[in-house]
Amino acid sequence: MLSLWRRHERKCPKRSKGRNWIKCQCPIWCDGDIDGKRVRQSMNTRDWARATRNLARIEDPAYGLRECAQPGCTELVARGRCPRHTRAISAAIESYHSAHQDASWGTRTSRKATLRNLEAFLVGRGTATVDQVDLEALNAFRSVRGIGARTWTKELGTLRHFFRFCLDNEWILRSWADKVQMPKNLKPADREPYEPNEVAKIIAACDAIGRSAYERLRARAMVLLLRYTALRISDVAALEKDRVRNGEIFVRTTKNGKPVRLPVHAALQAALDILPIPRGAGNDAQCRYFFWSGNGGTQAAIRDARRTLEAVYAASGVEGACSHRFRHTLATEILEMGGTFEEAADILGDTEAIVRKHYAKWSVGRQARISDLLARIWHAKKCGVQVQENQSDKVVDLVRFELTTSSMPWKRAPNCATGPRTCLLSIS
Ligand SMILES: [Zn+2]
Ligand SMILES: [Zn+2]
Numbered sequence: 000m001l002s003l004w005r006r007h008e009r010k011c012p013k014r015s016k017g018r019n020w021i022k023c024q025c026p027i028w029c030d031g032d033i034d035g036k037r038v039r040q041s042m043n044t045r046d047w048a049r050a051t052r053n054l055a056r057i058e059d060p061a062y063g064l065r066e067c068a069q070p071g072c073t074e075l076v077a078r079g080r081c082p083r084h085t086r087a088i089s090a091a092i093e094s095y096h097s098a099h100q101d102a103s104w105g106t107r108t109s110r111k112a113t114l115r116n117l118e119a120f121l122v123g124r125g126t127a128t129v130d131q132v133d134l135e136a137l138n139a140f141r142s143v144r145g146i147g148a149r150t151w152t153k154e155l156g157t158l159r160h161f162f163r164f165c166l167d168n169e170w171i172l173r174s175w176a177d178k179v180q181m182p183k184n185l186k187p188a189d190r191e192p193y194e195p196n197e198v199a200k201i202i203a204a205c206d207a208i209g210r211s212a213y214e215r216l217r218a219r220a221m222v223l224l225l226r227y228t229a230l231r232i233s234d235v236a237a238l239e240k241d242r243v244r245n246g247e248i249f250v251r252t253t254k255n256g257k258p259v260r261l262p263v264h265a266a267l268q269a270a271l272d273i274l275p276i277p278r279g280a281g282n283d284a285q286c287r288y289f290f291w292s293g294n295g296g297t298q299a300a301i302r303d304a305r306r307t308l309e310a311v312y313a314a315s316g317v318e319g320a321c322s323h324r325f326r327h328t329l330a331t332e333i334l335e336m337g338g339t340f341e342e343a344a345d346i347l348g349d350t351e352a353i354v355r356k357h358y359a360k361w362s363v364g365r366q367a368r369i370s371d372l373l374a375r376i377w378h379a380k381k382c383g384v385q386v387q388e389n390q391s392d393k394v395v396d397l398v399r400f401e402l403t404t405s406s407m408p409w410k411r412a413p414n415c416a417t418g419p420r421t422c423l424l425s426i427s
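Numbering that gives the first Met the number 0 numbers the first residue of the sequence shown as 0 and each following residue consecutively.
Below, the structure written as structure tokens:
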């Protein structure tokens, strides 16, 4: 127990009244013992109220402190969160990047750019830690980003990922980024597939670039790889020779472990056969790659490939030519020839959902297959079923359209004489 008293100054007229006289303005001291230990010290103030508060803090170190805002944490703090349960924005971003360093180079680069912008914005607002970021701050961030809805969709995806990471680390209580509205009804970027004559122009342009046959032969092989395998340019630039074998090219392994091999088109095989050894690989015919010497990083190889192809596209005169359109071209061909979304997805290395989203309109064989399939099912059931064509243009998804007994009335009463002669099937 400590008690306060005034240590009267020499000039204090009430000095003779002793230490219990407190109605003057002399310095305040405390005296007493805590846990059996003598304490006698100045309170560094002449203000009685302040001295009382300071005294409470000396007697009980937890005075005025509260528990950390993270549920379950008993750490006492003056306000907010304990050091374990919060992070400065820059520290949180750094941890996020180091926890996700296995993402592809492109993904990491765009995440870094997005979070760099976020950090600059938040620091400008005087926000210090991630738990101080609220919905209003994030909406304000959106309004200062001078970017289109499509780019914002990507950035918001990164923000959500980042704040969920903070949530998982218990640095914040909820992820406000999840509450920021994602732009709706975005039409997928309409990159048309190439017309056959455009492909011919691009291939012809391979002979019109560069200073020597070296560049031209490489350009031709790259273009034909894009054309016939729909590989991404990053995969083409570092393509290993042993992936082409016995007239087949190994494109990728799907997520569920199936290898995807495509037949090598004769023109592509011919172009690969006469490829010069990559510069920088010496005279080493053992170079493992078609286009890359194997020295240095793949980034430089990808950059070189990009430059070569940009020269080709410029020389071709095809409007809007780019490497990515070759992927659209092959995907639409697959679908137009009756391939499924799953097959197109396997070849492109995209998810089926992405392929469905981007290429639904190209799948002309799809409606015919749906009608044919259901007609065959119903024929086998010996039931006169009339399939009414779906009038709306709504995309009907065969895979997700589950045949349930409620949509198949004959199943309920297979032998019923008064069973429906005609079943109208409406798919919505
Ligand atoms: Zn006094
Ligand atoms: Zn805590």
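In this text, a Cβ means the ideal position worked out from N, Cα and C, and glycines have one as well. Nothing here was measured: the structure is a model prediction, and the numbers come from that model.
DSSP state of Phe161, grouped into three classes? helix
Could you spell out the range, first to last residue, of the alpha helix (DSSP H) harbouring Thr307? 297-315
Please report the Cβ distance between Leu158 and Thr113, rounded to the nearest whole angstrom; I am assuming they are in contact, meaning their Cβ atoms lie under 8 Å. In this structure Leu158 is in contact with Thr113, their Cβ atoms being roughly 7 Å apart against a cut-off of 8 Å.
My output table needs one value for Gln24: the three-state DSSP class, helix, strand or coil. coil
Examine ligand 2 and report whether any of its heavy atoms sits within less than 7 Å of the Cβ of Gln131. no
Taking 7 Å as the limit, tell me which residues put their C-beta closer than that to any heavy atom of ligand 2, in chain order. Cys67, Gln69, Cys72, Glu74, Arg80, Cys81, Arg83, His84
For the putative contact between Trp445 and Arg86, defined by C-beta atoms under 8 Å, what is the C-beta separation to the nearest angstrom? There is simply no residue 445 to check, as the chain begins at 0 and stops at 427 in what is shown.
CA-CA distance, Asp234 and Phe140? 35 Å
Just curious, the alpha helix (DSSP H) that Pro195 is in, first and last residue? 195-204
Give the single residue among Trp291, Val317, Asp177, Met42 whose Cα lies nearest to the Cα of Tyr193. Val317
What does a CB cutoff of less than 7 Å around His84 pick up in its chain, not counting 5 residues either side in sequence? Cys67, Gln69, Cys72, Glu169, Trp170
CB Ala229 to CB Ala300, shorter than 8 Å? no
Within 8 Å, do at least three Cβ pairs link the stretch 86-100 to the stretch 126-133? yes
So, using beta-carbon positions, are Phe161 and Trp175 closer together than 8 Å? Contact check for Phe161 against Trp175 fails: the beta carbons are separated by 8 Å or more.
Burial state of Ala33, where buried means 16 or more other Cβ atoms lie within 10 Å: The sequence shown places Ile at residue 33, rather than the Ala named in the question. Result: exposed.
If you measure between the beta carbons of Val198 and Arg226, is that distance less than 8 Å? yes
Kindly indicate which three-state DSSP category Arg45 falls into: helix, strand or coil? coil
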